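Anchor point for the sequence shown: position 74 equals 267 in our numbering, and the numbering is continuous, going up by one each time.
Even glycine gets a Cβ: it sits at the ideal position worked out from N, Cα and C.
The structure presented is a predicted model; accordingly, all values stated were derived computationally and were not measured.
All remarks here apply to the structure that follows.
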Amino acid sequence: MQLVAIGPAFALGIGDFMKEVTGELGRNQERTLPYRKRVGGEMNNVRRALHWDYATAATFDVVIIGGGVNGACLYAELCSQGYKVLLADKGDFACGSSQSSGMMIWGGLLYLRNLDVRSVYYFSKARDAMIALMADQVSPRMLRYAPSLTGGRNPQLIHAVLYLYWMIGLFQRHRPFVEHNFGESALITHGHGECSLLYEEAFLRESDCRFVLHWIARFQDPEHVPLNYCAVEGGSYSTAEKLWYLRLRDTSGGGEVYTKAKCVINCAGVWADHINQEFGIRTPYKHVLSKGVYIGLTRQAEHQVPLIFEMEQEGDVITFLPWGPIALWGPTETMVDSIHAGYSVSADDVQFLLEQAHRHLRQEVKKEDIVSLRCGVRPLVVRQSFHRECYPLDISRMHKIVNDDERPWISLYGGKMTGCVETARKLSAEISRWVPRRNAPVTACTDEVQMELMSFPGLNEKVPSVKWCMDNELCVTLQDYLRRRTNISQWVAREGLGQNDEHLAAVERIALTLNRNDQTKARASLEQYREQVATRFDSVIAHV
194 MQLVAIGPAF ALGIGDFMKE VTGELGRNQE RTLPYRKRVG GEMNNVRRAL
244 HWDYATAATF DVVIIGGGVN GACLYAELCS QGYKVLLADK GDFACGSSQS
294 SGMMIWGGLL YLRNLDVRSV YYFSKARDAM IALMADQVSP RMLRYAPSLT
344 GGRNPQLIHA VLYLYWMIGL FQRHRPFVEH NFGESALITH GHGECSLLYE
394 EAFLRESDCR FVLHWIARFQ DPEHVPLNYC AVEGGSYSTA EKLWYLRLRD
444 TSGGGEVYTK AKCVINCAGV WADHINQEFG IRTPYKHVLS KGVYIGLTRQ
494 AEHQVPLIFE MEQEGDVITF LPWGPIALWG PTETMVDSIH AGYSVSADDV
544 QFLLEQAHRH LRQEVKKEDI VSLRCGVRPL VVRQSFHREC YPLDISRMHK
594 IVNDDERPWI SLYGGKMTGC VETARKLSAE ISRWVPRRNA PVTACTDEVQ
644 MELMSFPGLN EKVPSVKWCM DNELCVTLQD YLRRRTNISQ WVAREGLGQN
694 DEHLAAVERI ALTLNRNDQT KARASLEQYR EQVATRFDSV IAHV
């Protein structure tokens with residue numbers, strides 16, 4: 194059997210690694226104890242434990258690395274086609290770039306600044322397809338462009354560009370039009386006048402995180418296995434068996450298992466380069482990283498339509514997006530050298546956004562008015578030879594799909610939420626070259642348990658209950674629940690704790706449920722969460 198050792202197989206060598214893998218696979222088949230017993234005790238999340246058992250029992254057609262929007266959408270696409278699929282994310286689902294968007298499904302208007310008509314056409318077509326096919330998740334929505342009266346672009350020119358944008362989108366959305374004396378005029382400075390330009394895009398109905406979970410939650414059974422907190426930490430490919438042998442580590446519970454797959458798809462987003470390097474995969478592309486930061490402010494009653502303002506820098510714009518009880522102001526566009534830097538909000542980021550608010554918004558916005566911070570990294574695909582300095586909008590958001598020449602390994606570079614459905618279809622076509630499609634399509638689960646709701650102080654609307662999210666959506670930590678299963682950490686001050694910790698008792702009750710009433714574990718998780726809030730919110734605001 195010819196083997197190709199990958200990654201840290203590392204220090205063991207090919208033979209030792211395969212002995213370890215095949216031996217462990219054999220032992221898994223002999224064991225009768227479930228995974229949660231084998232790792233030294235009960236796991237908090239019973240469904241996750243069951244999924245870990247599934248992961249060791251099957252040979253999968255495809256393993257997808259990365260549970261962001263592209264990995265999740267591909268997972269649902271392949272499951273519906275009858276493939277046996279394992280989706281693995283080393284953190285929680287949607288815990289990277291997919292939790293930090295502006296929730297906008299847009300056709301790429303700003304790419305017209307570089308005459309990138311191809312990207313505009315592609316994303317406009319993808320946007321309209323999502324509106325037509327996913328009405329429960331995506332809804333059309335008007336946006337209001339507020340031209341500046343002092344040195345900005347000519348309003349007539351902007352109107353003409355919006356018409357061109359509408360035409361490139363094949364007239365699928367409402368025709369752009371001018372509106373005077375609109376309600377949001379009470380929110381903006383007099384420098385914008387009483388004229389606005391409206392055009393139509395689309396927005397997610399709930400949040401970007403719940404959009405990702407929508408794809409994943411529908412397929413959970415022995416042949417369709419989503420696993421969060423599951424790191425793929427090396428493996429080997431058998432050319433004789435045409436199988437990948439992969440080591441999976443539970444980053445939450447600490448256990449390790451091995452699984453087998455016919456094909457691996459790298460959908461790890463900003464981590465894609467690192468994963469490829471670990472597995473010895475070379476491609477002609479790489480990612481450069483752009484950080485985007487929003488601040489969340491209390492939404493005013495007049496604010497019904499998203500607002501867009503011109504910025505002097507780089508011909509870019511800044512947006513004011515109503516979302517539940519808050520409005521998102523941003524984002525920034527900053528090139529960064531590392532993933533860590535991209536997920537860290539700085540005092541300078543916040544100060545820049547406050548200065549922009551002062552220029553465009555009538556009400557003075559102070560750092561004390563900030564409800565939440567929202568930060569993500571955009572993976573922008575470029576050639577390996579790319580080294581020049583540029584503004585992020587100068588780089589196309591189109592994706593690239595790369596097949597390895599020797600092994601069934603496919604890498605996805607770049608991409609946007611707007612194009613996730615079309616990207617999944619293209620990846621599926623590439624996968625069929627390695628693994629033939631099955632004849633019997635699979636229908637998503639239709640007997641889903643009705644969502645159980647509960648109240649949280651400071652919110653008028655109810656949110657999914659903790660237990661329901663544990664039982665149905667693999668929720669493990671406080672951050673999973675407060676940030677991604679609900680919008681609590683974005684809609685309630687200081688990530689749900691309240692300005693003066695007035696909601697601490699409510700968060701503690703959530704921690705108790707997540708830890709199945711183990712008070713020691715609940716207190717530890719609560720203190721860890723408070724320390725994280727102090728670092729990523731309190732400390733940042735204090736230094737503005």
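Limits of the unbroken alpha helix (DSSP H) element including residue i
| i | result |
| --- | --- |
| Glu548 | Ala540 to His553 |
| Glu724 | Gln712 to Val726 |
| Val262 | Val262 to Ser273 |
| Ala534 | Ile532 to Gly535 |
| Leu420 | Per DSSP, Leu420 belongs to no alpha helix (DSSP H); it is in the beta strand (DSSP E), His417 to Leu420. |
| Thr636 | Counting along the chain, Thr636 falls outside any alpha helix (DSSP H), and DSSP gives it neither H nor E. |
| Glu471 | Ala465 to Glu471 |
| Arg702 | Leu697 to Leu707 |
| Val498 | Element bounds for Val498: n/a, residue is neither H nor E. |
| Ile409 | Asp401 to Ala410 |
| Ser682 | Ile681 to Trp684 |
| His352 | Pro348 to Ile361 |
DSSP-derived helix/strand/coil call for residue i
| i | result |
| --- | --- |
| Phe253 | strand |
| Ile563 | strand |
| Asp309 | coil |
| Val574 | strand |
| Ser648 | coil |
| Asn665 | helix |
| Ser389 | strand |
| Glu615 | helix |
| Gly234 | Below a pLDDT of 50, predicted positions are generally treated as unreliable, and Gly234, at 42, falls in that range; no measurement from the model is reported. |
| Val733 | helix |
| Glu505 | coil |
| Asp285 | coil |
| Tyr296 | The residue you asked about is not Tyr; residue 296 is Met in the sequence shown. Residue state, collapsed to three classes: coil. |
| Ala395 | strand |
| Glu223 | In this predicted model, Glu223 has a pLDDT of only 40, less than 50, meaning its place in the structure is not dependable; the value taken from the coordinates is given anyway. If DSSP states are grouped into helix, strand and coil, Glu223 belongs with the helices. |
| Arg474 | A small fix is needed here, since residue 474 is Ile in this sequence, not Arg. It is coil, neither helix nor strand. |
| Val239 | helix |
| Val558 | coil |
| Ile324 | helix |
| Ile624 | helix |
Option nearest residue i by Cα separation, candidates the options
| i | options | result |
| --- | --- | --- |
| Pro518 | Thr491, Ser429 and His496 | Thr491 |
| Ala494 | Gly612, Leu380 and Asn693 | Leu380 |
| Asp246 | Gln413, Ser682, Leu303 and Arg334 | Gln413 |
| Cys272 | Tyr451, Val669, Ile624 and Ile468 | Ile624 |
| Phe396 | Ile563, Leu514, Arg729 and Gln470 | Leu514 |
| Leu279 | Tyr606, Asn710, Gly344 and His244 | His244 |
| Asp443 | Glu434, Cys423 and Cys456 | Cys423 |
| Phe545 | Thr527, Tyr536, Ala534 and Gly535 | Thr527 |
| Glu270 | Leu667, Thr616, Pro657 and Gly344 | Thr616 |
| His580 | His385, Leu482, Cys402 and Thr343 | Leu482 |
| Lys283 | Leu521, Asp329, Glu701 and Asn459 | Asn459 |
| Val457 | Leu667, Asp309, Ile603 and Arg240 | Ile603 |
Cβ separation of residue i and residue j, assumed to be a contact under 8 Å, to the nearest whole Å
| i | j | result |
| --- | --- | --- |
| Arg631 | Gln274 | 6 Å |
| Gln549 | Met504 | 7 Å |
| Val570 | Ile532 | 6 Å |
| Ser317 | Ile361 | 6 Å |
| Gly607 | Lys593 | 6 Å |
| Gln349 | Tyr478 | That pair is no contact at about 40 Å. |
| Lys453 | Leu436 | 5 Å |
| Gly261 | Val405 | 7 Å |
| Arg366 | Glu393 | 4 Å |
| Gly523 | Gly485 | 7 Å |
The beta strand (DSSP E) enclosing residue i, as first and last residue numbers
| i | result |
| --- | --- |
| Asp443 | Leu436 to Asp443 |
| Ala281 | Val278 to Ala281 |
| Ser429 | Cys423 to Ser431 |
| Phe513 | Val510 to Trp516 |
| Arg630 | No beta strand (DSSP E) holds Arg630; DSSP gives it neither H nor E. |
| Leu675 | Run containing Leu675: none; DSSP gives neither H nor E here. |
| Cys456 | Glu449 to Asn459 |
| Leu336 | Val331 to Tyr338 |
| Val529 | Thr527 to Val529 |
Identified DSSP bridge partners for residue i
| i | result |
| --- | --- |
| Asn596 | Ile603 |
| Ile488 | Trp522 and Leu566 |
| Val141 | Because the chain is modelled from 194 through 737, residue 141 falls outside the range shown and cannot be assessed. |
| His373 | Cys388 |
| Asp414 | His417 |
| Pro657 | Leu646 |
Short CB-CB distance (under 8 Å) between residue i and chain D
| i | result |
| --- | --- |
| Lys593 | Absent from the structure: chain D. Only one protein chain is present. |
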